[in-house]
Structures are given as structure tokens and as C-alpha cells.
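Count along the sequence shown from 1, then add 784; that gives the number in our numbering. Worksheet: the structure to be examined is printed underneath.
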Amino acid sequence: SIIKPLIEDAERMTGAMIANAATDPHKPQRRPEAPMIRRPATNDLDALREEAAHCRACPLYKDATQTVFGEGPDNATIM
């Protein structure tokens with residue numbers, strides 16, 4: 785039976801869990817914020833898509849692998 789060895793080993797395992805108690809979680813270091821570079825607004829979606837693909841205006845680009853530029857009607861409100 786599998787139960788008997790588990791019961792017999794429970795005290796040792798409990799002691800090991802207590803001895804190896806969890807530590808405080810790692811706190812990430814904050815990067816200094818880079819100043820945002822503001823550019824004139826454009827209503828040209830192709831130009832905006834191209835600009836977004838090469839944007840370095842804030843630190844978000846450092847870990848990015850691609851822009852995610854949605855699709856939809858050309859007359860939709862752009863945020």
C-alpha cells in the first residue's frame with residue numbers, strides 16, 4: 785500500500801518543509817523612467833503603423849519583439 789510509507793515519512797517531510805520555509809519574494813528593481821518623446825499626431829494609418837514599428841519613445845520597446853497593430857475600419861477613433 786502506498787499510504788503506509790507516506791504516513792511513516794510524514795514527520796521527516798514536515799520537518800524539511802519547515803526548515804526550507806518560503807522567503808520573501810524578490811522585489812524587482814525599478815528602471816529610471818525615460819522621458820517620453822512626443823511627435824505630432826497623424827491621421828495616416830500607414831504612417832502610424834510604420835512609426836509604431838520603429839518607436840523608441842519609451843522603455844516599452846526594449847522587451848518587445850513586434851508591434852501589434854489591429855485591423856478595422858479606417859474611420860475608427862484612434863487612441
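No residue lacks a Cβ here, since even glycine has one placed at the ideal position from N, Cα and C.
Under the 8 Å Cβ criterion, the region 814 to 829 does not count as touching the region 790 to 801, having fewer than three qualifying pairs. The region 832 to 840 makes no contact with the region 804 to 816: fewer than 3 CB pairs, one atom from each, lie closer than 8 Å. Counting along the chain, the unbroken alpha helix (DSSP H) around Pro789 starts and ends at Ile787 to Ala803. About 25 Å separates the Cβ atoms of Asp847 and Leu829, ruling out a contact at the 8 Å cut-off. One alpha carbon belongs to Thr861, the other to Asn827, and they sit about 10 Å apart. When rounded, the separation of the alpha-carbon atoms in Ile791 and Ser785 is 11 Å.
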